[in-house]
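Everything below concerns the one structure shown next.
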Amino acid sequence: MGDIYPLPGLRDCLAARSFRQEIILVSENRLSAGFQLFYNALEMGYDHIVLMSTKDKCEKAVRLWPRVSCVWSSQVFANSPKYMLDRHSFLPRAARLGYNVLCLDSDSIFLTDIYTYLKAPPLRDMALMALRDPAIGWLNSAIIYVQNARPDGPAIYMLAEVIDRLERWAEAKDELNQRGWPIGCWEQMVMSDVLMGAVIGRPMSYGCWNRDNNVTYRDAWEGAHKRYFGYSDPGGIAITQYLKVHPVA
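Numbering (full-length UniProt numbering), first residue to last: 1 to 249.
As structure tokens, then:
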């Protein structure tokens with residue numbers, strides 16, 4: 001148990017809780033939900049799991065269940081909710097240190113050994129994986145897995161860019177208020193924008209910036225992207241057009 005924002009704290013956590021450079025992260029402020037997934041992981045034989053919450057929740061967690069490995073981060077963010085931002089900050093930091101991170105929402109459940117699939121073709125050659133939201137076509141950050149990623153490679157860039165953009169959106173509140181837009185942007189939308197930019201080769205903010213009330217502009221903007229990426233009714237842009245299996249270092 002401890003603060004993983006200082007680098008020594010993060011290194012200690014990873015060294016103590018990882019198994020063969022693998023670690024499972026669950027960020028959750030509701031202990032009951034976090035405990036359920038933690039227990040499920042232990043039943044599967046996964047002892048390399050860490051619950052990330054607040055300091056007071058971690059202190060309570062270890063009193064209730066000493067087996068639980070619980071950490072928190074003292075990092076201060078402009079955006080919210082903090083427990084989601086803590087997750088997105090943990091991912092690139094741990095991956096840069098050479099660890100493979102499976103990040104899960106607490107409403108996940110292990111039904112079988114997931115590493116049977118993650119370490120077999122074709123997934124074993126993938127550096128970064130995430131869910132796709134079938135309703136809207138964007139990335140869903142409920143499950144993210146990064147493995148064997150180069151510290152200076154595209155997978156780490158994407159993970160680091162997500163948290164960086166989330167903070168920049170929140171810090172630009174004056175500009176956003178002038179346009180009548182909400183402060184910040186949904187973290188899954190930011191992930192999708194970053195992926196689009198990585199594929200296209202230039203920064204993209206399709207999801208976070210496309211809030212203009214000008215219908216003509218909006219239709220032209222969306223039409224151009226739909227023609228490029230494809231479209232799936234009744235959802236949004238079909239990211240299946242560019243989420244294809246390719247080995248990435």
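We treat Cβ as the ideally placed atom computed from N, Cα and C, and that holds for glycine.
Predicted model, so just to flag it, every value in this text is computed and none were measured.
Cα-Cα separation between residue i and residue j, rounded to whole angstroms
i: Gly153; j: Cys103; result: 19 Å
i: Ile239; j: Met158; result: Note that Ile239 scores 44 on pLDDT, short of 50, meaning its location in the model is unreliable; the coordinates nonetheless yield the value given after this. In a straight line, the C-alpha of Ile239 is about 16 Å away from that of Met158.
i: Tyr117; j: Asp174; result: 46 Å
i: Arg150; j: Ala170; result: 29 Å
i: Gln241; j: Gly2; result: Any reading at Gln241 is ruled out, since the residue's pLDDT is 40, under 50, leaving its predicted position unreliable.
i: Val248; j: Arg93; result: Caution applies to Val248, whose pLDDT of 48 falls short of 50 and renders its modelled position unreliable; the value that the coordinates give is listed next. Each residue's alpha carbon lies about 19 Å from the other.
i: residue 251; j: Gly34; result: Because the chain spans 1 through 249 in this model, residue 251 falls outside it and cannot be assessed.
i: Pro8; j: Val215; result: 51 Å
i: Ile23; j: Arg96; result: 13 Å
i: Asp219; j: Leu25; result: 39 Å
i: Glu28; j: Phe90; result: 14 Å
i: Thr54; j: Ile4; result: 11 Å
i: Ala142; j: Trp221; result: 28 Å
i: Ser32; j: Asp107; result: 11 Å
In DSSP terms, what residue i is bridged to
i: Cys70; result: Leu51
i: Ala41; result: For Ala41, which the question treats as bridged, DSSP gives no partner whatsoever.
i: Leu25; result: Val50, Cys103
i: Ile143; result: Leu104
i: Met196; result: Met196 is not bridged to any residue.
Cβ neighbour criterion (16 or more within 10 Å) applied to residue i
i: Cys13; result: buried
i: Gly223; result: exposed
i: Pro81; result: exposed
i: Glu43; result: exposed
i: Gly180; result: exposed
i: Gln178; result: exposed
Proximity test, residue i beta-carbon vs the ligand MG heavy atom, cut-off 7 Å
i: Glu175; result: Absent from the structure shown: the ligand MG. Ligands present: none.
8 Å Cβ cutoff met for residue i and residue j
i: Met129; j: Tyr115; result: no
i: Met189; j: Gly197; result: no
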